[in-house]
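Colleague: Submitted below is the structure of interest, expressed as structure tokens.
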Amino acid sequence: MSVYLINPSDVSFGIGVITPRWLYVLASATPREYGEPLLIDETLERFDPSVIQARDVVGIGIHTGNARRGYAIGTAARARGAYVVFGGIHATLYPEEAYERGGAHAVVTGDGDRAWPLVLRDCDAGSPQAVYEGGRIGGDVFLPGRWSLVPRGRYMWASVQTVRGCPKHCSFCSVWRTDGQQPRQRHAHAVVEEIVDLRRRGFRFIVLADDNFYPVTLEDLRMAARRQDPARLQELTAIRAERFALMAALERLPPDTVFFTQITMEAAEDHEFLEAMRRAHIRGALVGVESVTPEGLKDVYKNFNESGERLVERLQDFRQHGVHVLGSFIFGLPSDRPETFDACAAVADRSGVSFAQFVMLQPLPGTLDFAAWEKSLGENVPRVDGVPLTRYWLVPPASRPKVYIEHPVMTADEVRRRTQQVWDRFYSLTNIWKRSRGVVRSVRGRLAFVLISKIYRQMYANTGIATDSARVNRATRWARVMAIPCRTLFAGRPMPDLQLTPVPAGLLQIEKAIRR
Ligand code: SF4
7 MSVYLINPSD VSFGIGVITP RWLYVLASAT PREYGEPLLI DETLERFDPS
57 VIQARDVVGI GIHTGNARRG YAIGTAARAR GAYVVFGGIH ATLYPEEAYE
107 RGGAHAVVTG DGDRAWPLVL RDCDAGSPQA VYEGGRIGGD VFLPGRWSLV
157 PRGRYMWASV QTVRGCPKHC SFCSVWRTDG QQPRQRHAHA VVEEIVDLRR
207 RGFRFIVLAD DNFYPVTLED LRMAARRQDP ARLQELTAIR AERFALMAAL
257 ERLPPDTVFF TQITMEAAED HEFLEAMRRA HIRGALVGVE SVTPEGLKDV
307 YKNFNESGER LVERLQDFRQ HGVHVLGSFI FGLPSDRPET FDACAAVADR
357 SGVSFAQFVM LQPLPGTLDF AAWEKSLGEN VPRVDGVPLT RYWLVPPASR
407 PKVYIEHPVM TADEVRRRTQ QVWDRFYSLT NIWKRSRGVV RSVRGRLAFV
457 LISKIYRQMY ANTGIATDSA RVNRATRWAR VMAIPCRTLF AGRPMPDLQL
507 TPVPAGLLQI EKAIRR
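Taking the working numbering, the leading residue of the sequence shown gets 7, the next gets one more, and so forth.
Have a look at this one:
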């Protein structure tokens, strides 16, 4: 019996930007008695299911974007007599689809770390259950990735997780509903151990693939301090102290280590936190700006963000503390107007963000926006190729419509056109070159910044919002060619002799005390 773990994708680039962490975590969760699992990442190259044999176990992890391809692989694997198991966010939200369309014997909902060995045991015995409820496991039992299985030279960034869950409740995001609002943090030494393993293998650039690296804000602490009962304040203080303990441990890694994470804008007012990030080699962060107007922020339940001039200052704060920002903006919010696009482009230019992404508001399964959109369509849901629009991810990619929430004053085409213009403006050669001066000093570094900016734009702007398939195909081909030289910019020197610097006893004591 062979164990396959498959990350499906309709598009393969030959080189991956970030290691798909779940493959390596489930590889760790695979008991040694079942042999080495075979890890297949279709973002590298397409998988041929004809190699699958009867009684093999095929685990397929899906999100909405790759669900249909996952179902095709699952169906082919089942036809070859394998046990087919689905997991991931989309399978958690729509388990019935995996049985109906993907040939699933079983679906794992929630976290797979603990459930996967049970799945394998039951498949080996010939009797898998229909559902395994993985639930939300504690941070102290998150597994590290089994990085000995990562192919050499195929990825730009490795990925490590330090915390799951996000206390916010943004309307366009499913994270807080699937991973929960209670932060679940890993022990600092477990995180560092995994990072040392990656550095020994030549990864220097590592994404801290967290839902929200800053789960407790100063405002949360102020509000908790006003309560009569001190319990909440103690709980939040402990979570915050644990973040600092982690960052102190990361500080001890080789100085050329580069981390990137995801964080809310509120961290900008917390200079102590930003300084700790800088010392911990966290050089960049995706910050969800979403909208530059207070009305837009209200639209998405993100009133905790700043708008206008305060927003520009907040974003500059990150930069002043050595944290480069990838700003994420959303267009098509109900309060957006044609002039919003220019205002947003101006903020992106002035605020010193190093990179930016401009996405159109889409109803994504598992979000509040999706639920409201689905309800608004009522009984008469339009169909495309026989598929109801509310299940748009099941339409073949060639005819799949881009689905957007209807806007009160602009057509989807207008929002798309204006969004594309903002991408074009932000990533014009002149603007990238101007921005590069604030990011790196050497000409070589600036040229590398231009290359990375251009490839980022091709991978995300042209393939993400373009509707014209010729443009998408061109962008994919271009990204495929450029990905190879781009990867060499991220390649690190393997450090096989790197030793784990012990976490100071004081820190371990703090961590133990916090967890008690
Ligand atoms: S968008 Fe970010 S801050 Fe909002 S709920 Fe999702 S992870 Fe949390």
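Beta carbons are placed, not taken as given, at the ideal position from N, Cα and C, and that holds for glycine. Values in this document were obtained by computation on a predicted structure and should not be read as measured data.
What does the Cβ neighbour count give for V9, buried or exposed, with the cut at 16 atoms within 10 Å?
Modeller: By one-based count along the sequence shown, residue 9 stands at place 3. Buried.
Colleague: What is the rounded straight-line gap between the Cα of Y5 and the Cα of T115?
Modeller: The structure shown has nothing for residue 5, since the chain only spans 7 to 522.
Colleague: Mind checking whether the beta-carbon of W429 lies closer than 8 Å to any heavy atom of ligand 1?
Modeller: By 1-based counting over the sequence shown, the position of residue 429 is 423. Checking the Cβ of W429 against ligand 1 gives no.
Colleague: In chain order, what are the residue ranges of uninterrupted beta strand (DSSP E) at least 3 long that sit wholly in the region 21-103?
Modeller: Segments of the beta strand (DSSP E) lying fully in the region 21-103: 22-24, 44-47, 63-67 and 89-93.
Colleague: CB of F376 to nearest heavy atom of ligand 1: below 8 Å?
Modeller: Here residue 376 refers to the residue found at position 370 when the sequence shown is read from its first residue. Checking the Cβ of F376 against ligand 1 gives no.
Colleague: Within a Cβ cutoff of 7 Å, which residues of the same chain sit near R406, ignoring the five residues on either side of it in sequence?
Modeller: Within the sequence shown, the letter at position 400 stands for residue 406. Y398, listed in sequence order.
Colleague: What does the Cβ neighbour count give for A489, buried or exposed, with the cut at 16 atoms within 10 Å?
Modeller: In the sequence shown, counting from the first residue as 1, residue 489 sits at position 483. The residue in question, A489, is buried, as its Cβ has 16 or more Cβ neighbours within 10 Å.
Colleague: If you measure between the beta carbons of D117 and G151, is that distance less than 9 Å?
Modeller: Translated into positions along the sequence shown, residue 117 becomes position 111. Translated into positions along the sequence shown, residue 151 becomes position 145. For D117 and G151, no; Cβs fall outside 9 Å.
Colleague: So A291 packs on E257, CB below 8 Å; how close in whole Å?
Modeller: Translated into the one-based positions of the sequence shown, residue 291 becomes position 285. Translated into the one-based positions of the sequence shown, residue 257 becomes position 251. Their Cβ separation, rounded to whole angstroms, is 17 Å, which puts A291 and E257 out of contact at 8 Å.
Colleague: Would you call the CB atoms of L332 and A362 closer than 9 Å?
Modeller: By 1-based counting over the sequence shown, the position of residue 332 is 326. By 1-based counting over the sequence shown, the position of residue 362 is 356. A contact, by the Cβ cut-off of 9 Å.
Colleague: Indicate, with yes or no, if ligand 1 has a heavy atom lying under 8 Å from the CB of T2.
Modeller: Nothing about residue 2 can be reported from this structure: the residues present for the chain run from 7 to 522 only.
Colleague: Considering Cα atoms alone, identify which of S448, L11, S357 and F178 is closest to L155.
Modeller: To locate residue 155, count along the sequence shown from 1; it is residue 149. Checked all of S448, L11, S357 and F178; the closest Cα to L155 is L11.
Colleague: Taking DSSP as the reference, what is the three-state secondary structure of I288?
Modeller: In the sequence shown, counting from the first residue as 1, residue 288 sits at position 282. Of the three classes helix, strand and coil, the one that applies to I288 here is strand, per DSSP.
Colleague: Helix, strand or coil: which one does DSSP assign to M283?
Modeller: Within the sequence shown, residue 283 is the residue found at index 277, counting from 1. Residue state, collapsed to three classes: helix.
Colleague: Per DSSP, which one or two residues make a beta bridge with H330?
Modeller: Taking the sequence shown and counting its residues from 1, the one referred to as residue 330 is at position 324. Bridge partners of H330: G290.
Colleague: Kindly examine ligand 1 and report whether one of its heavy atoms sits closer than 8 Å to the Cβ of W399.
Modeller: Within the sequence shown, the letter at position 393 stands for residue 399. Not under cutoff, so the answer is no.
Colleague: Closest to D47 by CA distance: which of V23, M271 and A60 is it?
Modeller: Numbered from its first residue, the sequence shown carries residue 47 at position 41. Of the listed residues, the one whose Cα sits closest to D47 is V23.
Colleague: If I follow the unbroken alpha helix (DSSP H) through S442, where does it start and stop?
Modeller: The residue labelled residue 442 in the question sits at position 436 within the sequence shown. L435 to V445 is the span of the alpha helix (DSSP H), which, as asked, contains S442.
Colleague: Look up P394 in the DSSP assignment and say whether it is helix, strand or coil.
Modeller: Position 388 of the sequence shown, counting from 1, holds the residue named residue 394. DSSP places P394 in strand when its eight states are reduced to three.
Colleague: Less than 9 Å between CB atoms is the rule here; does E312 satisfy it with respect to chain D?
Modeller: In the structure shown, chain D cannot be found, because there is only a single protein chain.
Colleague: Since I believe D217 is in contact with G171 (beta carbons under 8 Å), could you give me their beta-carbon distance rounded to a whole number of angstroms?
Modeller: Locating residue 171 in the sequence shown gives position 165, counting from the first residue. Locating residue 217 in the sequence shown gives position 211, counting from the first residue. Correct: roughly 6 Å between the Cβ atoms.
Colleague: Measuring only the C-alpha atoms, how far is W182 from W379?
Modeller: Locating residue 182 in the sequence shown gives position 176, where the first residue counts as 1. Locating residue 379 in the sequence shown gives position 373, where the first residue counts as 1. Cα to Cα, the separation comes out at about 19 Å.
Colleague: Does the distance between the C-beta of D218 and the nearest non-hydrogen atom of ligand 1 fall short of 8 Å?
Modeller: Position 212 of the sequence shown, counted from the first residue, corresponds to residue 218. What sits at residue 218 in the sequence shown is Asn, not Asp. N218: yes, Cβ under 8 Å from ligand 1.
Colleague: If I follow the unbroken alpha helix (DSSP H) through S459, where does it start and stop?
Modeller: Counting from one through the sequence shown, the residue named residue 459 turns up at place 453. Start and end: V449 to R463.
Colleague: Given 8 Å as the limit, tell me if F178 has its C-beta closer than that to any heavy atom belonging to ligand 1.
Modeller: Along the sequence shown, one-based indexing puts residue 178 at 172. Checking the Cβ of F178 against ligand 1 gives yes.
Colleague: For R207 versus F148, is the C-beta distance shorter than 9 Å?
Modeller: In the sequence shown, the residue the question calls residue 207 occupies position 201. In the sequence shown, the residue the question calls residue 148 occupies position 142. Going by C-beta atoms, R207 is not nearer than 9 Å to F148.
Colleague: Using C-beta distances below 6 Å, list every residue in its chain close to F265, excluding the 5 sequence neighbours before and after it, in chain order.
Modeller: Position 259 of the sequence shown, counted from the first residue, corresponds to residue 265. Excluding positions up to five away in sequence, the list reads I212, L214, H287 and I288.
Colleague: Buried or exposed: where does D262 fall if 16 or more other Cβ atoms within 10 Å of its Cβ makes it buried?
Modeller: Here the question's residue 262 lines up with position 256 in the sequence shown. D262 should be labelled exposed.
Colleague: Roughly how many angstroms separate the alpha carbons of Q427 and S334, rounded to a whole number?
Modeller: Taking the first residue of the sequence shown as 1, we reach residue 427 at position 421. Taking the first residue of the sequence shown as 1, we reach residue 334 at position 328. Cα to Cα, Q427 sits roughly 16 Å from S334.
Colleague: If S313 sits next to V306, beta carbons under 8 Å apart, how far is it from one beta carbon to the other, in whole angstroms?
Modeller: Translated into the one-based positions of the sequence shown, residue 313 becomes position 307. Translated into the one-based positions of the sequence shown, residue 306 becomes position 300. Going by Cβ atoms, the distance from S313 to V306 rounds to 12 Å, so no, they are not a contact pair.
Colleague: Is it buried or exposed, N13, if we count other Cβ atoms within 10 angstroms and call 16 or more buried?
Modeller: As a first step, residue 13 is located in the sequence shown; it is residue number 7 there, counting from the start. By the 10 Å Cβ count, N13 comes out buried.
Colleague: Assess contact between the region 89-104 and the region 61-70, defined as three or more Cβ pairs (one per stretch) separated by less than 8 Å. Is contact present?
Modeller: Cβ pair count under 8 Å is three or more, so yes.
Colleague: Which residue comes first and which comes last in the alpha helix (DSSP H) that contains W122?
Modeller: Residue mapping note: residue 122 aligns to position 116 of the sequence shown, counting from 1. Counting along the chain, the alpha helix (DSSP H) containing W122 begins and ends at A121 to D130.
Colleague: Whole angstroms are fine: how far does the CA of K408 sit from the CA of L435?
Modeller: Position 429 of the sequence shown holds residue 435. Position 402 of the sequence shown holds residue 408. So the alpha carbons of these two residues sit roughly 28 Å apart.
Colleague: Would D391 be called buried (16 or more neighbouring beta carbons within 10 Å of its own) or exposed?
Modeller: Translated into the one-based positions of the sequence shown, residue 391 becomes position 385. Burial call: exposed.
Colleague: Rounding to the nearest angstrom, what Cα-Cα distance links A237 and F496 in this structure?
Modeller: Mapped onto the sequence shown, residue 237 falls at position 231. Mapped onto the sequence shown, residue 496 falls at position 490. Each residue's Cα considered, the two are about 45 Å apart.
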